[in-house]
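Peer 1: So in this note's numbering, the last one in the sequence shown is 232, and the numbering has no gaps at all. Quick one: the structure is below, questions incoming.
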Amino acid sequence: MYTKPCVGGTWKHQRWKRHPNHLYTSLKNLVTNRLGIHDVTSANMTITNHSRKGQLVIARKVFDEMPQRTVVSWNTMISTYSKWGRYEEALDVLSSMHFNNVKLNEATFCSGLSACARACLPSSYAGRQLHGLVLRCGLENSQFVGSALLYFYANCDEIQEARRVFDVLHEGNGLLWSLMLVCYVRCNLLDDALDVFDKMPARDIVAWTAIDFWVFED
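The following block contains the structure:
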């Protein structure tokens, strides 16, 4: 027998709109108890939907009560916390992910390094630990991860480390050129900024904006 889902209609019920926790509990019981299943993909989508609404407590409940989690589940929770400025919690989830022997991928490192870069706390150590894991996972040549690493070091004003990442990965990666240029301008290293600008294979709006900012500020 096929039971037609009626989730869309339940959202219109005023009592459940006023009490989202009640809605969450009811839907979870329907899925796990009456139907006897718990679809990982649906749970991941539920976390994403609650994240968009800023309902982080409910999103975390869904995550915590998943009997099985994929790498997507973990990455979704990390990006959820990072998106809403909960950087320490994002890094805690990432740490738990690693502790539970879940294989970290490019998306994991990008979200984690972004959280380290934007966190106004002593996150340099956490970012360096992630850099070490990047090397252990063999992702040091990934342009996506490289861009996240450069962004992290640039935000921490660690110019030499940012330049090391740039020197390894800049070939064919226009974003890294722009990030390196902005990094030098931000740190008032104008000779280095001009050197990067002159050597850029293609100059995008970010590069021109950075140079214009320096010219007018000077």
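Even glycine gets a Cβ: it sits at the ideal position worked out from N, Cα and C. Just so we're clear, the structure is a prediction, and the values are computed from it rather than from any experiment.
Kindly indicate which three-state DSSP category K97 falls into: helix, strand or coil?
Peer 2: helix
Peer 1: According to DSSP, is S161 helix, strand or coil?
Peer 2: helix
Peer 1: Do N169 and A131 have their C-beta atoms within less than 8 Å of each other?
Peer 2: yes
Peer 1: Between L208 and F166, what straight-line distance do the alpha-carbon atoms span, to the nearest angstrom?
Peer 2: Cα to Cα, the separation comes out at about 22 Å.
Peer 1: Check G126 in the structure and name its three-state DSSP category.
Peer 2: helix
Peer 1: Tell me the rounded alpha-carbon separation between L193 and K117.
Peer 2: 28 Å
Peer 1: Among residues of its own chain, excluding the 5 on either side of A133, which ones have a beta-carbon nearer than 6 Å to its beta-carbon?
Peer 2: Taking C-beta separations shorter than 6 Å and ignoring five residues to either side along the sequence, the partners of A133 in its chain run Y101, following chain order.
Peer 1: Taking Q157 as the reference, give the member of G68, N63, A121 with the closest Cα.
Peer 2: Closest in alpha carbon position to Q157, among G68, N63, A121, is A121.
Peer 1: What number of angstroms, rounded off, separates the C-alpha of I14 from the C-alpha of G152?
Peer 2: It is not possible to answer for residue 14, since the shown part of the chain is limited to 15 through 232.
Peer 1: Determine the DSSP secondary structure at A133, reduced to helix, strand or coil.
Peer 2: It is coil, neither helix nor strand.
Peer 1: Would you please state the rounded distance, in angstroms, between the beta carbons of S161 and S125? I believe it to be under 8 Å.
Peer 2: Not quite, the Cβ-Cβ distance comes to about 13 Å (not below 8 Å), so this is no contact.
Peer 1: Quick check: what's the CA-CA separation for D53 versus Q82?
Peer 2: D53 and Q82: Cα-Cα distance of roughly 9 Å.
Peer 1: Which residue wins for smallest C-alpha separation from I173, given the options L190, C201, W191?
Peer 2: Looking from the CA of I173, the closest CA among L190, C201, W191 belongs to C201.
Peer 1: In or out: F113 buried (at least 16 other Cβ within 10 Å) or exposed?
Peer 2: exposed
Peer 1: Just tell me which of V86, W191, T55, L127 has its CA closest to the CA of L105.
Peer 2: L127
Peer 1: Quick check: what's the CA-CA separation for E154 versus E79?
Peer 2: Approximately 34 Å, taken between the alpha carbons.
Peer 1: Using CA coordinates, which residue listed in T90, W98, S87, L144 is at the minimum distance from S109?
Peer 2: L144
Peer 1: Could you have a look at N169 and say whether DSSP puts it in helix, strand or coil?
Peer 2: N169: helix per DSSP, three-state reduction.
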